[in-house]
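Step one of this worksheet: look at the structure below.
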Amino acid sequence: MSSINSQLPSAEPVTVMGAGLVGSLLSLYLARRGHRVQIFERRADPRRAGVAEGRSINLALSDRGWRALEGVGVADDIRRVGIPMTGRIMHDAQGSLTYQPYGQAGQAIYSVNRGHLNRCLLDLAEAQAGVQVSFNQQCLALDLRQQTMHLLDTATQQEQTVPYTRLLGTDGAFSAVRSTMQRTDRYDYSQDFLDYGYKELTIEAGPDGTWALEKNALHIWPRGQYLMIALPNLDGSFNATLFFPYEGPESFAALRSPDDVMAFFGRVFPDAVPLMPRLSEEFFAHPTGSLVTIRCYPWKFDDEVLLLGDASHAIVPFYGQGMNAGFEDCTVLNQLLDKHGDAAWPAVFAEFQASRKPNTDAMADLAIYNFVEMRDRVADPRFLLQKKIEARIASQFPGRWMPLYSQVTFSDTPYAQAWAAGQRQDIIMASLMPHIQTEADFERPDVQTLLQQQLPTPETLSAER
Ligand SMILES: Cc1cc2nc3c(=O)[nH]c(=O)nc-3n(C[C@H](O)[C@H](O)[C@H](O)COP(=O)(O)OP(=O)(O)OC[C@H]3O[C@@H](n4cnc5c(N)ncnc54)[C@H](O)[C@@H]3O)c2cc1C
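Set out below in structure tokens:
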């Protein structure tokens, strides 16, 4: 953790809107730097019994997220309750399995419980760092000129207007802070919904609390136009998510009755159905979530308001990077406070949005790219062979080749740089693969020559960094 800056204006409070994953981690960072932080959160306190968990029970946490958690010293606590997933296991329609490692030996992404992570960060922010959290406070709008927030107490229905000096908007994809900013002049905003929704379902634990599928893997049932995935939970169950078209012959609209659901799942996910005893009940009881990419700019209003996390860059979940990117926002903001000083908000806000925007735009594109890969390409033996060849290239030319997935997941290479390198590597693979029918072909002199003719030199790579 960086040292607290001596220019810190202790009297100036920082307001954070939204105590989700990013807001609670961000508050912890700021409070540990010595800022006086107050969070307003629409929901009730998630640490109180009986409060719903919100969307997606577990999330894949990878290196960017870990780095941000390490920055406030909580990574080890979270790692103890995370489940490492070293690769994907693909389930075909006959129930046959194929394993593909995510990275090198020892590398894994972690399945973590969203509620646990959020509660843990809130506890630390409140109890250890002195952050003040007000729950049941929904931001309705801001007055950007007067620097006030209009809040609704969702328990009492009382409304109040509260002033702010510096406001950090971490109120998620449908941010009220952003929606006020959208009404200012020349504000860029777009939201793109996929024609797909998602439904969360449960793969039950075995009777003795064991995992019915391999525990240390992310399971995928790729089916061309749609897919199901499953991430392990500590209690032996898996949280499965079906990503499925809203309309069409195979779609949410087409599955109208429990019989429709059982017949469809029995046909396309036959090995999963026996593990999902509450399938048809959950299918109709659980909501269908939508999948949206949100881009906007600027992320700041004057020197007083800044958006972070999903409020500024919501992405579709297919790379497992939304939270990781939001956590990286916290790392970057913290670095900029180190660089410019804790009182230098104008410089920090300006550099934050200028440096982060191209990277989160690239991540949004990557997330869509991975949607096609997960639902379709991972079922193709040629694609799996290509991944093996890429792993061979990476070990033969360390420093000159890192698979795109590894750059995104296991490095802190800026997303835009990773995406550019990935596209360049895709072009090289497209020229190599017609010459490769088996993994052994990689050794052939003609393949090696073709590869070396196209590999970027170390000089080119360092010039790009
Ligand atoms: C199905 C699914 C799977 C996902 N899987 C992954 C994954 O594996 N890995 C990964 O990295 N990311 C994943 N994500 C993305 C991840 O959930 C988000 O990127 C992350 O939650 C963003 O955190 P946030 O704090 O910015 O927003 P949120 O988590 O949405 O938190 C926003 C907070 O603000 C509060 N709030 C909202 N409006 C107001 C208001 N008007 N006033 C006051 N408070 C308000 C909310 O109650 C909430 O507490 C997934 C997303 C989905 C939908």
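With my numbering as the guide, the letters of the sequence shown map in order to residues 1 to 465. Note that the Cβ used here is the ideal one computed from N, Cα and C, for glycine as well. Computed from a predicted model, the values in this text were never measured in an experiment.
1. Within the present structure, is the beta-carbon of Pro46 separated from the nearest heavy atom of ligand 1 by less than 6 Å?
2. Using the Cα positions of Thr413 and Pro398, report the straight-line distance between them to the nearest angstrom.
3. Do Val16 and Leu168 count as a contact pair if the criterion is CB distance below 7 Å?
4. Can you give the beta carbon distance from Glu200 to Ser237, rounded, assuming they're within the 8 Å contact cut?
5. Got a sec, what are the start and stop residues for the beta strand (DSSP E) Ala141 sits in?
6. Would you call the region 322-338 in contact with the region 73-80, where contact means no fewer than 3 C-beta pairs closer than 8 Å?
7. Kindly indicate which residue of Pro434, Ser462, Leu26 and Glu459 has the alpha-carbon position closest to the one of Leu451.
8. For Ala484, tell me which candidate among Ala60, Ile315 and Ile39 has the shortest Cα-Cα distance.
9. DSSP state of Leu167, grouped into three classes?
10. Could you tell me if the beta carbon of Pro317 falls within a distance shorter than 6 Å of some heavy atom in ligand 1?
11. Might you give, ordered along the chain, the residues of its own chain that have their beta carbon closer than 6 Å to the beta carbon of Arg295, omitting 5 neighbours on each side?
12. Is Thr331 helix, strand or coil by DSSP?
13. Mind checking whether the beta-carbon of Met149 lies closer than 6 Å to any heavy atom of ligand 3?
14. Let me confirm a value: Tyr99 is counted as buried when at least 16 other C-beta atoms fall within 10 Å, else exposed. Which label applies?
15. How far does the beta strand (DSSP E) with Met149 in it reach, from first residue to last?
16. Under DSSP, the beta strand (DSSP E) around Glu200 begins and ends at which residues?
17. Quick one: what does DSSP say Gly206 is sitting in, helix, strand or coil?
18. In the DSSP assignment, the alpha helix (DSSP H) including Met262 goes from what residue to what residue?
19. For Gln448, does the count of other Cβ atoms within 10 angstroms reach 16, so buried, or fall short, so exposed?
20. What span of residues does the beta strand (DSSP E) with Ile220 cover, start to end?
21. Within the present structure, is the beta-carbon of Met228 separated from the nearest heavy atom of ligand 1 by less than 6 Å?
22. Given this structure, state the Cα-to-Cα distance separating Glu12 from Val305, to the nearest angstrom.
23. Where does Arg43 sit, in a helix, a strand or coil, going by DSSP?
24. Between Thr235 and Val112, what straight-line distance do the alpha-carbon atoms span, to the nearest angstrom?
25. If I follow the unbroken beta strand (DSSP E) through Asn239, where does it start and stop?
26. Would you mind working out which of Arg48, Gln353, Val22 and His91 sits nearest Leu218, comparing C-alpha positions?
27. Here's a check: name, in chain order, each residue in its chain whose Cβ is nearer than 8 Å to the Cβ of Asp123, leaving out the five neighbours to either side.
28. Can you give the Cα-Cα distance for Asp260 and Ser280, rounded to whole angstroms?
29. Going straight from the alpha carbon of Gly103 to that of Thr438, what length do you get?
30. So Lys357 and Tyr319 are supposed to be a Cβ contact under 8 Å. How far apart are they, rounded?
31. Less than 7 Å between the beta carbons of Met149 and Val133, yes or no?
32. Do you know offhand how far Pro445's Cα is from Ile393's?
33. Measuring alpha carbon to alpha carbon, tell me which residue in Asn239, Met276, Phe243 and Pro222 is nearest Gly197.
34. With distances taken Cα to Cα, identify the nearest neighbour of Arg88 among Gln94, Ala60, Gly248 and Arg64.
35. What are the start and end residues of the alpha helix (DSSP H) that includes Gly71?
Taking the structure as given:
1. False, no ligand heavy atom lies under 6 Å from that Cβ.
2. Between Thr413 and Pro398, the C-alpha separation is close to 15 Å.
3. Yes, the pair counts as a contact, with Cβ atoms nearer than the cut-off.
4. At roughly 12 Å, the Cβ-Cβ gap does not stay under 8 Å, so Glu200 and Ser237 are not in contact.
5. Unbroken beta strand (DSSP E) run through Ala141: Gln137 to Asp143.
6. Touching, no, given that fewer than three Cβ pairs across the two stretches are closer than 8 Å.
7. Minimum Cα distance to Leu451 is reached at Pro434.
8. In the structure displayed, the chain extends from 1 to 465; residue 484 sits before or after that span and is not available.
9. Strand at Leu167.
10. Yes, since a heavy atom of ligand 1 falls inside the 6 Å radius drawn around the Cβ of Pro317.
11. Sequence-distant partners of Arg295 (beyond 5 residues in either direction) whose C-beta falls short of 6 Å from its own C-beta, in its chain, are Ser190.
12. Three-state result, Thr331: helix.
13. As far as ligands go, the structure on display features ligand 1 and does not contain ligand 3.
14. Counting Cβ neighbours within 10 Å, Tyr99 comes out exposed, since fewer than 16 surround it.
15. Thr148 to Asp153 is the extent of the beta strand (DSSP E) around Met149.
16. Note, Glu200: beta strand (DSSP E), Asp188 to Ile203.
17. Three-state DSSP puts Gly206 in coil, outside helix and strand.
18. Met262 -> alpha helix (DSSP H) spans Pro258 to Val268.
19. Here Gln448 is exposed. Its C-beta has fewer than 16 other C-beta atoms within 10 Å.
20. Taken as a continuous stretch (DSSP letters only), the beta strand (DSSP E) holding Ile220 covers Ala217 to Pro222.
21. Annotation for Met228 indicates a beta carbon at 6 Å or more from all heavy atoms of ligand 1.
22. Roughly 14 Å between the two C-alpha positions.
23. Here Arg43 sits in coil by DSSP.
24. A small correction: the amino acid at residue 235 is Asp; Thr does not occupy that position in the sequence shown. Those two C-alpha atoms are separated by around 12 Å.
25. Here the beta strand (DSSP E) through Asn239 covers Phe238 to Pro245.
26. Checked all of Arg48, Gln353, Val22 and His91; the closest Cα to Leu218 is His91.
27. Only residues of its own chain outside the window of five on either side were considered, and among them Arg47 have a CB closer than 8 Å to the CB of Asp123, listed in chain order.
28. Between Asp260 and Ser280, the C-alpha separation is close to 9 Å.
29. C-alpha separation (whole angstroms): 20 Å.
30. So it is not a contact: roughly 18 Å between Cβ atoms.
31. Here Met149 is not near Val133, since their CB atoms are 7 Å or more apart.
32. Roughly 14 Å between the two C-alpha positions.
33. The residue with the shortest Cα to Cα distance from Gly197 is Phe243.
34. Of the candidates Gln94, Ala60, Gly248 and Arg64, the one whose C-alpha sits nearest the C-alpha of Arg88 is Ala60.
35. Run containing Gly71: Asp63 to Gly71, per the alpha helix (DSSP H) assignment.
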